[in-house]
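Enquirer: If you read the protein sequences in the order shown, they are chains H and L.
Here the first sequence is numbered in this note's numbering, starting from 1 and rising by one per residue.
Here the second sequence is numbered in this note's numbering, starting from 1001 and rising by one per residue.
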Amino acid sequence: MASSSLKQEGFRYIGKRTPRKDGVAKVSGQMRYTYDIYLPGMLYGRILKSPYPHAKIKNIDVSEAEKMGAVVITFKDVPKKKFNIRLVSADRVNYKDWEVLTDHPKYVGDYVAAVAAETEELAQKAVEAIKIEWEVFEPLLDPFESMKDGRPKIHNKILFGSKEITVKNNVACRLDYSEGDVEKAFKEADVVIERTFKTNRRYHMQLEPKVTVAKPEPDGGITVWTTTQTIHNTRILISQVFDIPMSKVNVKKLPIGGSFGSSIQTNLVTLVAVALALKAGRPVKIALSREEDMYEHSSYQMYFRLKVAARKDGTILAGELENTMDIGGHQIQAYPLLGCLLGWFVSLYKWKNIKYKGIAVYTNKVPACAFRGYGNPQITWAVESVIDELAEALGIDPIELRLKNYVGRGDLFWGQGPTVKSVVKSDGVPELLKKGAELIGWYNRPQPGEQKGRFRRGIGLGRGFHTSGAGGRISGEVIDFTGCILKINEDGSVDYITALQDHGGGSLDAHAKIIAEELGVPLEKINIIWADTQTTVYDVCTHASRGTYVGGEAARRAAREVKKKLLEYAVRLLGDVVNPEALNIKPDEELGQGVIYVEGMPDKKITVGEVAREAWQRNWGSVAAVVSYRATNSPPAYTVYFVEVEVDTETGRLRPVRVVAGADVGTVINPDLAAGQLHGGFAQGWGMAVLEDTPYDPETGELMCRGFITDYKIMTAQDLPKVDDFTVIFASTHEPTGPFGAKGLGEAALNPVAGAVANAIYNAIGVRLYELPITPEKILKALKERGLK
Amino acid sequence: MGKIIRFRLNGRPVSIYVENNELLLNVLREKLGVMSPKYGCGIGECGACTVLLDGEPVLSCLTLAVEVDGKDVVTAEGLAKDSELDVVQRAFIEEGAIQCGYCIPGFILVAKKLLEENPEPDEDFIREYIRGNLCRCTGYVNIVRAIKRAAEELKFHVGKNKQV
Ligand code: FES
Ligand code: FES
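1. Just list the alpha helix (DSSP H) runs in the region 117-185 of chain H, keeping only unbroken ones of 4 residues or longer that don't cross its boundaries, in chain order.
2. Name the residues in the region 1127-1161 of chain L whose C-beta lies less than 9 Å from a C-beta of chain H; which are they?
3. Any heavy atom of ligand 2 closer than 7 Å to the beta-carbon of Tyr797/H?
4. List the residues that DSSP assigns as beta-bridge partners of Asp588/H.
5. Taking 8 Å as the threshold (C-beta atoms), are Asp1069/L and Ile1005/L in contact?
6. What residue from Pro695/H, Gly594/H and Lys67/H has the CA that sits closest to Tyr300/H's CA?
7. Can you tell me where the beta strand (DSSP E) with Ser1060/L in it begins and where it stops?
8. Cβ of Val598/H within 8 Å of Cβ of Gly483/H?
9. Give every residue of the same chain whose Cβ lies closer than 6 Å to the Cβ of Ala129/H, excluding the five residues on either side of it in the sequence, and list them in chain order.
10. Kindly indicate if chain A contains any beta-carbon less than 8 Å away from that of Tyr641/H.
11. Is any non-hydrogen atom of ligand 1 found closer than 7 Å to the C-beta of Glu1045/L, if you look at the structure I gave you?
12. Taking the alpha-carbon positions, what's the Asp313/H to Ile779/H distance?
13. Give the DSSP-derived three-state secondary structure of Lys1162/L in the structure shown.
14. Could you check how far apart the C-beta atoms of Ser846/H and Pro635/H are, in whole angstroms? I think they sit under 8 Å.
15. Would you say the beta carbon of Gly1040/L is closer than 7 Å to some non-hydrogen atom of ligand 1?
16. Tell me the DSSP bridge mates of Asp103/H?
17. Could you check whether the Cβ of Gln1099/L sits closer than 7 Å to any heavy atom belonging to ligand 2?
18. Just to confirm the assignment, what range does the beta strand (DSSP E) spanning Leu433/H have?
19. Ligand 1 heavy atoms versus the CB of Cys792/H: any closer than 7 Å?
20. For chain H, check one thing: does any of its Cβ atoms lie closer than 8 Å to the Cβ of Pro1105/L?
21. So is Leu772/H buried or exposed if we call it buried at 16+ other beta carbons inside 10 Å?
22. Distance, Cα to Cα, Met1/H vs Lys1148/L?
23. Taking 6 Å as the limit between beta carbons, can you name the residues of its chain near Leu439/H, skipping five residues before and five after?
24. State the DSSP-derived secondary structure class of Lys604/H, mapped to helix, strand or coil.
25. Helix, strand or coil for Phe413/H, going by three-state DSSP, please let me know.
26. Using 8 Å for Cβ pairs, my map puts Val665/H next to Ala675/H. What's the rounded Cβ distance?
27. Under the rule that 16 or more other beta-carbon atoms within 10 Å means buried, what is Leu394/H, buried or exposed?
28. Name the chain H residues that come within less than 7 Å of Ile1108/L, Cβ to Cβ?
29. Looking only at DSSP bridge pairs, what is Ala531/H linked to?
30. Taking 7 Å as the cut-off, does the CB of Cys1061/L come closer than this to any heavy atom belonging to ligand 1?
31. Could you give the uninterrupted runs of the alpha helix (DSSP H) lying entirely in the region 321-356 of chain H, keeping only those of 4 residues or more?
32. State the beta-bridge partners of Tyr111/H as determined by DSSP.
33. Which residues share a DSSP beta bridge with Arg1008/L?
34. Which residue marks the beginning of the beta strand (DSSP E) containing Leu1053/L, and which one marks its end?
35. Can you check whether the CB of Val540/H is closer than 8 Å to the CB of Ile479/H?
36. Is Gly1011/L close to chain H, meaning its C-beta is less than 8 Å from at least one C-beta of that chain?
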């Protein structure tokens, strides 16, 4: 059930349910994803991947493969360059340890060679015909083991910016920070709690595996279709790695079958496809299988030591956090994540005294990358667990304790680590906590551990947030700006051209509504163009929940510019109107046009279509705008989850009974799609809390599931609460810096879920577990150990 | 080794040479240009490749192309009649049940069969019926709603004795 209090009367499109623009194409199977791209004359590529978690190639023989007629490339055929496949960080702080193909694989699945052939079958045979002599090293699968002296070096020399550095003890990077004096605060506090936490290594399981089609062009350039969250950064990387001028690299924007962070970076398969296509002189498609895709990316596994302190009255005095991250075989965004993790931590509660030690460690595992929330779900789980413990120790209601200490309006918020800060201007937390508590029946929840029967139910609360973009007043270490082109066609219809990718959450539909609202033309008139890098201006990437907040504001500004021009032309056409300020535009649904009119004089009017037509016929020129927009804030979108969980104490199985999901996203632009973010966020968070993990075989260094989703389950429709047991509420807030008052949502929708679930489990059975996922086995073991069964 | 197979694809007769070991999914996508059945796993775990074979949902990643000889295959491309979307398709749009959309053709075909089998499904029935189809985006809430809505609309139409 969706109940909401939307304070957005007066809008024509914002906040209204409208059919999404790509809906018809998607339900009728006509949407073309990258997996669906087939070009005439194209070859199929396959990649040879390391069977060992850590090895060196002593000898490689590709002659058999070549005899089959395959085009083959190895590390010898690719540019000798180290780079980072993610370009969101400023170059000077980007760690670079990737190559297109390597003779020194660092995990099972690392790319060592690739082939292209007429059929996929032949390509597979050719890959299997490549002979390699290996030198194999002991795998390091545990970060604490990896850091010890005398262990094999996963990396030796890597680049930091353009400087070469030597990796010591497999430590990829570090970040320490402190504010105030935690030791003193711990001494003075009435309650001190210290805990350790271990998170899981989750696989994104986006439905479309990674895939690329690369087509060489006669001018030496290349056209690329690929699963990416950022066409521009993909273009820049291809240009840098292969020394092709950017104007000759064209990356197409296509719909993507889910991503959740797994393509913020340019997945390596893209570069391999380009290398093969350049060598073959023909288009090449590489489509990864699901098993291969699971060896491509995972979430960051984190180990926390968290120590917090408070006074009797519930004032939090200190927070100390040690964060050890298992990043796998390569750096994608380990360094910025160390900073962001700190940022999420300090933005959860006002700790006053802070100490942070972050360390990112290489292991011989699949490279970790952002996964919806970028570390925020992990730290929020830990902090929300400890805050509940603190409340219990202090005898204060958990809601009250949170309200007393959370970072809210007027406080400093770290949107993206230490270099991206802004002051919170909109805050719906009190409203969401109050309403959510009523809806779930918070004050009637049981006492932890008081229940005796087989099935025990508990209610838990998790509170969190995510940033809206990575904008700020100073430039910092993160690149964050976006651009778009808006033009009124000669019949008054509107083309909206942007590089910004919509992974399905509805950002682009939000933009269309923003444009329609600002411009005063019917929503149907706005056409969202599937563009490419050649025809768009730069957008950094759809990540950090910035699609609506940053991209939407860019769209709004473009609409404003276009509107100004339209009104100027309308003044000329309407004769005696004094100036553009005398005019307004509103949509006329019957005419299917925006109508430009003079207030109070119904006859003084002209449609946008007529103005556009006249501007064309009279040679006045096009009505269009190009905008590039940098946000100077990155406001938090707050979320609150109340979850009721049932524990079967016989089997240890958990069932989500009821959910109240509250979100403060400022103005809600697409109510049904925004609710969809919370539904999907809960499903992923529930999976994170109780199910998903990718353990490794300690001997072989392979994934235990070997990439098969048979053994990497995600939630099905049967595992989740009923429609009427899932309530979504939105706070009635307005973000002054956002387009029509809007903020982000995608990641906030996930972040507090695992914390809420862990707290609900505790409320049901009086047991706290500090390792994710909280599986039935762990529940049973804990119940047994404590004699609670 | 292969043979020529003849079948109906979205109402139209098709005849095509296929290898004995070729999968229906690949033949549809690569030889016939029908892209709505998606590859999501290739091992029968995700439902993205679902098609209707003589009205029954089957996983085309596990079905040999030669098996459809003489049969009737329907994909999401074939549901619209006279360019009017099917009720189930419309319900998915109206309920905001679509995000990335990659899983959606599979869900829609399974939902078609579900409603044929049980025109008044309760929520447990729906959830059990679609449990073989994975969606990573929506948490299934609006998908379940869309199927309920389609059931309502069909009931209304049948009540009015209309052809659906
Ligand atoms: S692709 Fe057929 S079930 Fe997944
Ligand atoms: S809508 Fe993306 S997987 Fe279902």
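For every residue, glycine included, the Cβ atom is placed at its ideal position computed from N, Cα and C.
Expert: Reading off the structure:
1. 120-128 and 143-146
2. Arg1127, Glu1128, Tyr1129, Ile1130, Arg1131, Gly1132, Asn1133, Leu1134, Cys1135, Arg1136, Cys1137, Thr1138, Gly1139, Tyr1140, Val1141, Asn1142, Ile1143, Val1144, Arg1145 and Lys1148
3. Residue 797/H lies beyond the stretch modelled for chain H, which goes from 1 to 789, so this question has no answer here.
4. In DSSP, Asp588/H forms a bridge with Gln593/H.
5. yes
6. Pro695/H
7. Here Ser1060/L belongs to no beta strand (DSSP E), and DSSP marks it neither H nor E.
8. no
9. Taken in chain order, the residues that qualify are Glu64 and Ala65.
10. No chain A appears in this structure, whose protein chains are H and L.
11. Under cutoff, so the answer is yes.
12. 33 Å
13. Any reading at Lys1162/L needs caution, since the residue's pLDDT is 47, under 50, leaving its predicted position unreliable; the model's value is listed next. Three-state DSSP puts Lys1162/L in coil, outside helix and strand.
14. Here chain H covers residues 1 to 789 and nothing more, so residue 846/H does not appear.
15. Yes, the Cβ of Gly1040/L comes within 7 Å of a heavy atom of ligand 1.
16. BP columns for Asp103/H are empty, so no partner.
17. The answer is yes for Gln1099/L.
18. No beta strand (DSSP E) holds Leu433/H; the alpha helix (DSSP H) holding it covers Val429 to Ile440.
19. A question about residue 792/H goes unanswered here, because the residues of chain H that appear run from 1 up to 789.
20. Chain H, which has a Cβ nearer than 8 Å to the Cβ of Pro1105/L, makes this yes.
21. Buried: at least 16 other Cβ atoms inside 10 Å.
22. In this prediction, Met1/H scores a pLDDT of 38, lower than 50, which makes its location untrustworthy; the coordinate-derived value is nonetheless stated afterwards. The straight-line gap from Cα to Cα measures roughly 14 Å.
23. Val660 and Thr727
24. strand
25. strand
26. Wrong, their Cβ atoms sit about 11 Å apart, outside the cutoff.
27. By the neighbour-count rule (16 or more Cβ atoms within 10 Å), Leu394/H is buried.
28. Val27
29. None, per the DSSP bridge assignment.
30. Distances between the C-beta of Cys1061/L and the heavy atoms of ligand 1 include at least one below 7 Å.
31. With a minimum length of 4 residues, the continuous alpha helix (DSSP H) runs that stay inside the region 321-356 of chain H are 334-348.
32. In the DSSP output, where bridge partners are listed per residue, Tyr111/H has Lys49/H.
33. Pro1013/L and Asp1072/L
34. Thr1050 to Leu1053
35. yes
36. no
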